[in-house]
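Data first, discussion second: the structure below is written as structure tokens.
Number of protein chains: 2
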Amino acid sequence: MESSVKTDSKGRKKVYNACMEPCAIEKGMRLIGGKWKGSIIYHLKDEPVRFNDLSRMLGGATKKMVDQRLKELEEEGMVIRKVISDRPIAVTYELTEFGRSALKILDDLKVWSETHNIEISK
Amino acid sequence: MESSVKTDSKGRKKVYNACMEPCAIEKGMRLIGGKWKGSIIYHLKDEPVRFNDLSRMLGGATKKMVDQRLKELEEEGMVIRKVISDRPIAVTYELTEFGRSALKILDDLKVWSETHNIEISK
DNA sequence: ATTTGTGGTATATTTTAGTTACCATTTAAC
DNA sequence: GTTAAATGGTAACTAAAATATACCACAAAT
Chain A
705 MESSVKTDSK GRKKVYNACM EPCAIEKGMR LIGGKWKGSI IYHLKDEPVR
755 FNDLSRMLGG ATKKMVDQRL KELEEEGMVI RKVISDRPIA VTYELTEFGR
805 SALKILDDLK VWSETHNIEI SK
Chain B
705 MESSVKTDSK GRKKVYNACM EPCAIEKGMR LIGGKWKGSI IYHLKDEPVR
755 FNDLSRMLGG ATKKMVDQRL KELEEEGMVI RKVISDRPIA VTYELTEFGR
805 SALKILDDLK VWSETHNIEI SK
């Protein structure tokens with residue numbers, strides 16, 4: 705459905721099919737678009753990765769950020785947390801099928817981003 | 705380049721090719737992924753749209769948000785602002801070629817988001 | 001004179017991101 | 001045997017966004 709604005713005979717405007725809260729794109733962005741979220745998913749694409757390794761790979765993101773995003777991704781069913789050993793505690797994170805289904809978009813984004821070599825201010 | 709973590713003979717870890725600040729995916733997300741940004745671009749896909757019409761279409765986003773995002777998008781070269789008349793002031797926003805180049809990704813995201821019918825908490 | 005339209009801005013509040021330091025535990029080097 | 005680095009996090013705090021609510025000057029129609 706397309707949202708559109710119609711003007712009636714008296715010049716008054718009404719919106720049809722407005723995105724009432726988040727429309728499909730907004731929803732998708734909330735899953736994939738949060739800060740560091742795309743990167744996290746992308747770094748898990750090949751194999752399960754450990755928490756600290758993941759934090760190290762994402763230079764610029766703090767452990768708290770990584771932790772927070774991973775929890776969100778887990779809730780959203782895109783990532784699974786697995787405790788692979790007690791005592792020397794070890795945890796890995798890996799993608800679910802759903803998580804994996806987002807990889808194509810992220811890959812396209814990566815290519816797009818690279819071909820337009822983007823400058824970022826902050 | 706793939707980022708990876710290597711363990712040396714003494715068990716010490718080092719990261720190679722870490723995403724030092726924002727890697728390609730992060731960069732792309734900064735352009736497209738900000739709150740409401742994707743939606744704005746998508747609503748401009750067919751034709752130039754006026755400021756207030758755009759605000760109306762994006763239920764949930766305040767005018768301030770729309771204004772702020774449009775300015776960012778303008779700076780980033782994805783959108784052009786055109787004053788189409790003074791006195792009764794009228795302004796339209798339309799996509800540049802660069803802005804248009806992002807539509808495919810947004811469209812894929814939309815389809816992905818729709819096929820996985822996502823629930824959003826907040 | 002009131003309402004509706006135009007394209008915004010100012011102010012304040014709430015939410016999120018990011019920084020820094022710290023926990024308990026284990027293994028290995030000096 | 002003590003220091004150093006690893007493990008996976010958490011607590012407390014500050015800085016930066018997002019959001020809400022009003023409001024501007026101006027124009028045209030009711």
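Protein chains in written order, with the working numbering: chain A, 705 to 826; chain B, 705 to 826.
Glycine residues also receive a C-beta, built at the ideal position from the N, C-alpha and C atoms.
Under 9 Å between C-beta atoms of residue i and residue j
i                     : j                     : result
residue 785 (chain A) : residue 778 (chain A) : yes
residue 732 (chain A) : residue 817 (chain B) : yes
residue 749 (chain A) : residue 804 (chain A) : yes
residue 809 (chain B) : residue 744 (chain A) : no
Alpha-carbon to alpha-carbon, residue j and residue i
i                     : j                     : result
residue 735 (chain A) : residue 791 (chain B) : 43 Å
residue 820 (chain A) : residue 793 (chain A) : 43 Å
residue 814 (chain B) : residue 754 (chain B) : 23 Å
residue 783 (chain A) : residue 801 (chain A) : 9 Å
residue 741 (chain B) : residue 771 (chain A) : 26 Å
residue 746 (chain A) : residue 729 (chain B) : 8 Å
residue 765 (chain A) : residue 811 (chain A) : 20 Å
residue 799 (chain A) : residue 807 (chain A) : 10 Å
residue 761 (chain B) : residue 751 (chain B) : 14 Å
Interface partners of residue i on chain A, CB under 7 Å
i                     : result
residue 774 (chain B) : What residue 774 (chain B) touches in chain A: nothing, since even the nearest Cβ is about 16 Å away.
Neighbour list for residue i in chain B, Cβ cutoff strictly below 7 Å
i                     : result
residue 789 (chain A) : Per Cβ cutoff of 7 Å: no residues; residue 789 (chain A) is ~16 Å from chain B at best.
Within chain B, the residues that residue i reaches when beta carbons sit closer than 8 Å
i                     : result
residue 729 (chain A) : 742, 743, 746, 810, 813, 814, 817
Neighbourhood of residue i by C-beta, 8 Å cutoff - its chain only, sequence neighbours within 5 removed
i                     : result
residue 738 (chain B) : 773, 776
residue 757 (chain B) : none
residue 788 (chain B) : 794, 795, 796
Within chain A, the residues that residue i reaches when beta carbons sit closer than 9 Å
i                     : result
residue 769 (chain B) : Near residue 769 (chain B) there are no residues of chain A at all, since even the closest Cβ is about 12 Å away, more than 9 Å.
Same chain, Cβ closer than 6 Å to residue i, neighbours up to 5 away in sequence not counted
i                     : result
residue 769 (chain A) : 740
Contact set between residue i and chain A, taken where Cβ atoms lie within less than 8 Å
i                     : result
residue 782 (chain B) : None at all; the shortest Cβ gap to chain A is about 10 Å.
Mind checking the region 794 to 810 of chain B against chain A and listing, in chain order, the residues whose C-beta falls within less than 9 Å of any C-beta there?
802, 805, 806, 808, 809, 810
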